[in-house]
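Peer 1: Below you'll find the structure I mean.
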Amino acid sequence: MAFADIAAFIETSAEEYGAKLRGAKGNTVLYTFDGRFKVERRFADNITFDERLAAAKALIDECITEWSQGSRDEIKTLINDAFRVDQQGQVSTTRVLGLRRLNIVHPTWSRAMEAISDSVQVVGSSSYVRVYERIGDSDQYRQIPLDLASV
Numbered sequence: 000m001a002f003a004d005i006a007a008f009i010e011t012s013a014e015e016y017g018a019k020l021r022g023a024k025g026n027t028v029l030y031t032f033d034g035r036f037k038v039e040r041r042f043a044d045n046i047t048f049d050e051r052l053a054a055a056k057a058l059i060d061e062c063i064t065e066w067s068q069g070s071r072d073e074i075k076t077l078i079n080d081a082f083r084v085d086q087q088g089q090v091s092t093t094r095v096l097g098l099r100r101l102n103i104v105h106p107t108w109s110r111a112m113e114a115i116s117d118s119v120q121v122v123g124s125s126s127y128v129r130v131y132e133r134i135g136d137s138d139q140y141r142q143i144p145l146d147l148a149s150v
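Mapped onto numbering that gives the first Met the number 0, the consecutive letters of the sequence shown carry residue numbers 0 to 150.
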């Protein structure tokens, strides 16, 4: 019900200005008139990597081997940390995707980053609503825990 109400409110606001919204996704923050409460609607894609991540790792290993000749093994640890697996055997999407933000100009590195991009698979999405109450007269908000299962 909360998602439908928020979507209807956003649609009404867009209609007021003759705007046509594209797509149903979009993070939104709504405030009460007095600013005492805010409601956040959030969407997040659940992503994983396919077999092309192994190719990316092999290409990155080539780069590290080339760049680290004569240097200490700790340099390899910096990159290998991005591919460390958790208890479920999954790599951290944040750490792996963070490699793409590194400004490294090298043909093998570029192919590795392309392989990472191509290996990203969206396997679902999560959506949630959070409600916050302002703390006194500050600009800080405290989340109000919602137990929707018991409602």
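Even glycine gets a Cβ: it sits at the ideal position worked out from N, Cα and C. Since the model is a prediction, treat every value here as computed from it, not as a measurement.
(1) Where do the ends of the beta strand (DSSP E) carrying S70 lie?
(2) Sorted by chain position, which residues of the same chain lie with C-beta nearer than 8 Å to F8's C-beta, five sequence neighbours on each side aside?
(3) Would you tell me roughly how many angstroms separate the C-alpha atoms of H105 and S126, rounded to the nearest one?
(4) Give the secondary structure of V95 by DSSP, where H, G and I count as helix, E and B as strand, and everything else as coil.
(5) Starting from Y30, follow its DSSP beta bridges and name the residues at the other end.
(6) Do you know whose CA, among V122, S12, Y131 and I74, lies nearest N45's CA?
(7) From D4 to R141, what distance separates their C-alpha atoms?
(8) Once you ignore the five residues that flank V90 on each side, which residues in its own chain have a CB closer than 8 Å to its CB?
(9) Please list, in chain order, all residues of the same chain as R110 whose beta carbon is under 7 Å from its beta carbon, the five residues on each side excluded.
(10) Between Q139, Y131, I143 and W108, which has its C-alpha nearest T31's C-alpha?
Peer 2: Taking the geometry as given:
(1) Reading the sequence shown from its first residue, position 71 is the one you call residue 70. Run containing S70: none; DSSP gives neither H nor E here.
(2) Within the sequence shown, the letter at position 9 stands for residue 8. Closer than 8 Å at Cβ, skipping near neighbours: L29.
(3) Taking the sequence shown and counting its residues from 1, the one referred to as residue 105 is at position 106. Taking the sequence shown and counting its residues from 1, the one referred to as residue 126 is at position 127. If you take the alpha carbons of H105 and S126, they lie about 38 Å apart.
(4) One-based indexing of the sequence shown puts residue 95 at position 96. DSSP places V95 within a helical segment (H, G or I) once states are collapsed to three.
(5) Position 31 of the sequence shown holds residue 30. Listed as beta-bridge partners of Y30 by DSSP are K37.
(6) Numbered from 1 along the sequence shown, position 46 holds the residue referred to as residue 45. Nearest option by C-alpha distance: V122.
(7) As a working mapping, residue 4 is identified with position 5 in the sequence shown. As a working mapping, residue 141 is identified with position 142 in the sequence shown. For D4 and R141, the gap between their C-alpha atoms comes out near 22 Å.
(8) Position 91 of the sequence shown holds residue 90. A distance below 8 Å between beta-carbons, with the five flanking residues on each side excluded, links V90 to the following residues of its chain, in chain order: F48, L52, A81, F82, R83 and V84.
(9) Working through the sequence shown from its first residue, we reach residue 110 at position 111. Cβ neighbours of R110 beyond the five flanking positions: L58.
(10) Residue numbering aside, residue 31 sits at position 32 when the sequence shown is read from its first letter. Cα-wise, what sits closest to T31 is Y131.
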